[in-house]
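These protein sequence lines map, in sequence, to chains A and B. The numbering of the first sequence is the working numbering, which starts it at 1 and goes up by one. The numbering of the second sequence is the working numbering, which starts it at 1 and goes up by one. Where a beta carbon is used, it is the ideal one built from N, C-alpha and C, also for glycine. Computed from a predicted model, the values in this text were never measured in an experiment. Comments concern the structure below.
2 protein chains.
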Amino acid sequence: MNNFPNQPEQLKNSLNEVMDSPEQLADRIADIFECPITIEDSNHHVVSYSKHTEKIDEARIGTIMNRKVPDKVINGLWKKGVMPRLIDSDDPIIIPEMKEIGLGNRVAVSIRKKNEILGFIWAHTGDKKLSEEKLQLLKEAALLVKKFFLKRRQRKRKSEEGNKDFFWQLLTGDITDNNEIQQQAKQFNMVLEGKMAIVVIQFPANVTEQMEKHAYYLSETRVNVQVVSRLFDENKFIMLVRFIKEDHPSKLVTDFIHQFIEKISDQLNLQGILGSSGIVVEAPHKIKDSYKQAEKVLEMKAKFPEELQYTYLYDELGVYQFIDELYKIRKQQNNKNKYIEKLQTYDTKHRTSLLPTLRAYLQSDCNVYDAAKQLFIHPNTMNYRLKRIREVAELNLKDPNQKTAIYLDLIVENMTET
Amino acid sequence: MNNFPNQPEQLKNSLNEVMDSPEQLADRIADIFECPITIEDSNHHVVSYSKHTEKIDEARIGTIMNRKVPDKVINGLWKKGVMPRLIDSDDPIIIPEMKEIGLGNRVAVSIRKKNEILGFIWAHTGDKKLSEEKLQLLKEAALLVKKFFLKRRQRKRKSEEGNKDFFWQLLTGDITDNNEIQQQAKQFNMVLEGKMAIVVIQFPANVTEQMEKHAYYLSETRVNVQVVSRLFDENKFIMLVRFIKEDHPSKLVTDFIHQFIEKISDQLNLQGILGSSGIVVEAPHKIKDSYKQAEKVLEMKAKFPEELQYTYLYDELGVYQFIDELYKIRKQQNNKNKYIEKLQTYDTKHRTSLLPTLRAYLQSDCNVYDAAKQLFIHPNTMNYRLKRIREVAELNLKDPNQKTAIYLDLIVENMTET
DNA sequence: ACATGATTTGTGTAAATACACAAATCATGT
DNA sequence: ACATGATTTGTGTATTTACACAAATCATGT
C-alpha cells in the first residue's frame, strides 16, 4: 500500500471492474485509504459501504442499518455548516468529530455533475489523518465514482433535456391527451399519479450556479413530498411535487415551501425568497392550472407583500384570487363607494383618520381591541371613532353586505395609488 | 236662481268670462250652487275659493289660510277612502261630515284630463243636500273648469310629448351638451339644478289606467322632494326627482320611495310593487347614470328578493353592485372555493349542515346568537358547529380575507343554482 | 386669548360572549 | 341490540366587550 505512484492506476482499474456491482465499490476505495468508506446519493441514501469494521461510529451504524443517513446527523451537518461547504466545493472536506450526533472524524467529498449533486463519499478516518496526497486521491476517486452515478442514472441522464421539455409541456398545457402524457411520463421515469401540485420558489435576484446547486439539492432531500420534476426559469425554481401521504396535502405543501425557503435562505444567506403553490390536482393535464395559480400567487405576493406575507397556497389567497378583476370592474363602473367617499371627505376636512380606522377595524376581523392595538390607540378611542364612522358615513356596521363591499373597495382603492 | 233649465247656459257664460281670472271662478260657481266652493289643483293647492262665508268649517279655514289643504285633512280623506273614489270616478262624490279633521258635509268632483288629475272642486254643502240635477250640474262644471286648468298649464300641455322625449333623452344620455340640456329644460319649464336622482317604481303586472292615475297623483303631492319629470315605460314609472332640502338626500329619497310604495300599494290594493333609485347626481348629463343604476337595483332586487328587500338605493347595494361580474369571473376561473367544497363534501357525507351554518353565521355579521336564532338552534350548537367548521375546513374564522371570499362565493354559488 | 366643539384617554359597570362540562339524543355499523 | 362517536342542548362560570361618564387634550375660529 506504499506504492503511492501506482495508486491512481490501481483505483481506476478497480473501479472499472466493479462499475456494475456497486456493492464492492466502497470496499475497493476502503482498501486504498485504509478506513471505512460510505457512498451516498444526493438523497443521503446509502449506495455502497465498505466491510471495514474498525473505527466504527454511531452515525455509521445508523446509516447502514436504515440504508439512509439519520435525519439527526444530516441536520447536525447542516447546523455546523458542513453541508454547504461540501456542496459548494469540489475538494474533500475534513470534518472533526461531532459527538452530539455520534459522528467520528471524517473526510468527505461531493460527487457532482456540473451543479447537480449526485452523491457523497465519506471516509471514516478515525484517529488517522489523511495526507494531502490522499486527499487529492479522494478527489480523483470522486470523479471516478461520478461515472458510476452517471451510468446508474442512465435512463434519466440520457433524456434530461427531453425531460425538461416534457415538464414545460405539462406546465404550459401543450399536451392535453392523457394517454400521451402517461406514455411520456413512463419514458422519463416520472410518476404522475395521485395528488400533485406545482411549487414555485422565486429568488430575489438572478440565480447563480451556487443557488441552483442548493435548490436542486433541497428538492432531492424532502421526505413527505416527492419532487417529480424541476427546472429553473429565470429566477424561479419550478417543481412538480407529488404527495406520498394523502392526508393533508395543503399542510404538506405549506411545510415543504416553508422548509425549503428557510433552509435555502439560511444556506445562501439570502433574504426575500418567495414561495408559492397552485392547488392540488389529481389529473396530470391539470398541472398547467396549478402552475398558473402558483405564478398568480407570486404575482399577488408582489402586489400585496404584507397582506400575503404568510400565504403560499392559491387556495388561501382568498379575495386576492379575484382582486385584479374586481379592480377592473370597479374602475369601469366608475362609482366610488359612497361610504368611503364620505369618510374621506370628512377626514380631509377635519384632519381625522376615520377611514384608516375603518380599514384597520375591518382588517382585524372587526375586533375593536386588535384594531386599536394595531393603530396604537386606546380601545375607547377606537369605539369613539367607530361611532363617528357610523354617524358620518351613515353606515350600519352590522351589515355584512356593506362591510364586505367596503373591505374590497378599500383594497381596490389602494391599488389605484400604486 | 229657480230658472233651472237656464243654469248650464248661465254657467258656461260665466266661466267663459272669467277664464283668465281664476279669482272669480269659484264665486260664480258658488252663486249657482248657493254654497261655498273651493277649487284645488292636483297638489291640493288652492286655485280659487268663493267669498261665501256661511257654513264655513275648520278645514276650509285651514285650507284658505295656507292656500293649501292641511295634510291632516288630506290624510283623513285617504283614510276614509274618499280620495280613491274621487280619483277613480268622474261623478261627484258626497262626503259626510268628518268631525275629527274638522270637515263639514261636502260634495266634491275631480277635474281630469284622461288619467291625469288636474284638480278638484269642493262644494261645502253644510246641512243642504244637493239634488241629483245639481250633482249633474257640478259634473258639467268640472268639465268647464278643466278648460281653465288646461289653459293654465298651456306651456306644459302644448309640449307634453316633447317633454317626454326630452326626459327620455336625459335618461338615455342622448344629449350630453350641458348648454343644450339647460336650454331644453327651460323650454319645458323643468329645473335641472341641485341634487337629483332617478326613481323607478316597478309594478308587478301591466299598468292599468287606474294605476297610472294614482301614480301621477302621488308624484305630484310629495313634499320634501320635487318630481321634475315622470313617465311610464312598460310596467315601470320613472321619475326624475329633485331635492329641496340638501341635507340628507339618501334619507329623503328612501322615504319618498317608501311612502310612494306604501300609499300606492294601499290605494290599489296591490302587492309586490318595487322601488329603486340611482345615485344622487348634481349634473344633468349624469341623469343617465342614475337611471341605469336605478334599473340595476331593480334587476338585483329581482334576483335577490330577500337579501335586498329593504334596499332601494344603488349606493346601498353593497356587493350586489358587482356580484354579476364577480359571478362571471369565478365561473371563468373554474376554481371552487376550497373551504366551501370541503364543507359541502362533509355535509353530504355526514348529513350535517355545516355550510348552511357558516352561511347564516356570515350573513349575521358573525354574531353567534343572531345566527343561531335564524336557524332555530341553541347558541351552543352554533358554537359547536363553528368549531367543526374550523376543524373540517381547516378554516381560520378570524381571517377577514378568507371570510370575505367565502361570503361572496356563497352568494355566487347560489346564483348557479338558479 | 378665549370659547367652542371635537377628540382622546381613564375609570367603572352592565351586558354579551366564550367556554367547559354534563346529559341527552341521534346516526351508524357490527 | 349494542357500542361508538357525533351532535344537540342545558347549566354555570370566566372572560371579553360595550358603553356611559368624566377629565384632559387638541384644533379652530373669533
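- In terms of Cβ geometry, His124 (chain A) and Asp27 (chain A) do not form a close pair [threshold 8 Å].
- Gln136 (chain A) and Val228 (chain A) have their C-alpha atoms roughly 36 Å apart.
- Judged by their CB atoms, Ile287 (chain B) and Gly275 (chain B) are not nearer to each other than the 8 Å cut-off.
- For the region 319-333 of chain A, the beta-carbon criterion of a distance under 8 Å to any beta-carbon of chain B is satisfied by Val319, Tyr320, Gln321, Phe322, Glu325, Leu326, Ile329, Arg330 and Gln333.
- Boundaries of the beta strand (DSSP E) around Ala108 (chain B): Arg106 to Lys113.
- Contact of Thr404 (chain B) with chain A is assigned, a C-beta pair being separated by under 8 Å.
- Secondary structure of Ser265 (chain B) (DSSP, three-state): helix.
- Runs of alpha helix (DSSP H) with 4 or more residues, each lying fully within the region 361-400 of chain A, are found at 368-375 and 379-392, listed in chain order.
- The continuous stretches of alpha helix (DSSP H) do not include Met196 (chain A), which lies in the beta strand (DSSP E) extending over residues Met196 to Gln202.
- At a cut-off of 8 Å between beta carbons, Lys245 (chain B) makes no contact with chain A.
- Annotation: the continuous alpha helix (DSSP H) that includes Lys349 (chain B) extends over Lys338 to His350.
- Residues of chain A whose Cβ lies closer than 8 Å to the Cβ of Pro400 (chain B) are, in chain order, Leu362, Gln363, Ser364, Asp365, Cys366 and Tyr407.
- The criterion of a C-beta distance shorter than 8 Å is not satisfied by Leu218 (chain A) and Lys292 (chain A).
- The continuous beta strand (DSSP E) containing Gly275 (chain A) extends over residues Leu274 to Ser277.
- Apart from sequence neighbours up to five positions away, the residues of its chain that approach Pro70 (chain B) with a beta-carbon distance below 6 Å are Gly62, ordered along the chain.
- Taking 3 residues as the minimum length, the beta strand (DSSP E) runs contained wholly in the region 25-63 of chain B are 37-41 and 46-49, in order along the chain.
- Taking a cut-off of 8 Å for Cβ pairs, the region 299-308 of chain A and the region 385-394 of chain A do not touch, as fewer than three such pairs fall below it.
- For Ser89 (chain A), the number of other beta carbons within 10 angstroms of its own is below 16, and it is reported as exposed.
- Counting other Cβ atoms within 10 Å of its Cβ, Asp247 (chain B) stays below 16 and is therefore classed as exposed.
- When the Cα atoms are used, Ile37 (chain B) and Asp174 (chain B) turn out to be separated by approximately 47 Å.
- Neighbours of Asp315 (chain A) across chain B, judged by C-beta separation under 9 Å: Asn335, Asn337, Lys338 and Tyr339.
- With a cut-off of 8 Å on Cβ pairs, the region 186-197 of chain B is in contact with the region 237-251 of chain B, counting three or more such pairs.
- With a cutoff of 8 Å on beta-carbon distance, Arg106 (chain A) and Trp122 (chain A) are scored as near each other.
- Closer than 9 Å at the C-beta level to chain A, one finds these residues of the region 275-292 of chain B: Ile279 and Asp289.
- Judged by their CB atoms, Phe232 (chain B) and Val207 (chain B) are nearer to each other than the 8 Å cut-off.
- In the assembly as shown, Gly81 (chain A) is an exposed residue. Its beta-carbon has fewer than 16 other beta-carbons within 10 Å.
- When only Cα atoms are considered, Val280 (chain A) and Ala205 (chain A) end up about 28 Å apart.
- One finds nothing in chain A with a Cβ atom closer than 7 Å to the Cβ of Glu306 (chain B); even the nearest lies about 12 Å away.
- When DSSP states are grouped into helix, strand and coil, Ala283 (chain A) belongs to the coil group.
- For Ser89 (chain B), no CB of chain A lies under 8 Å from its own CB, so it is not counted at the interface with that chain.
- Inter-residue distance for Ile87 (chain A) and His214 (chain A) is about 7 Å (C-alpha atoms, whole angstroms).
- For Ser250 (chain A), a Cβ of chain B is located within less than 8 Å of the residue's own Cβ.
- Residue burial annotation: Asn163 (chain A) is buried, with at least 16 other C-beta atoms found within 10 angstroms of its C-beta.
- Interface annotation, Glu394 (chain B): in contact with chain A, CB-CB separation under 8 Å.
- If you draw a straight line from the Cα of Glu133 (chain B) to the Cα of Gln169 (chain B), it is about 49 Å long.
- With 16 or more other Cβ atoms inside 10 Å of its own Cβ, Gly318 (chain A) counts as buried.
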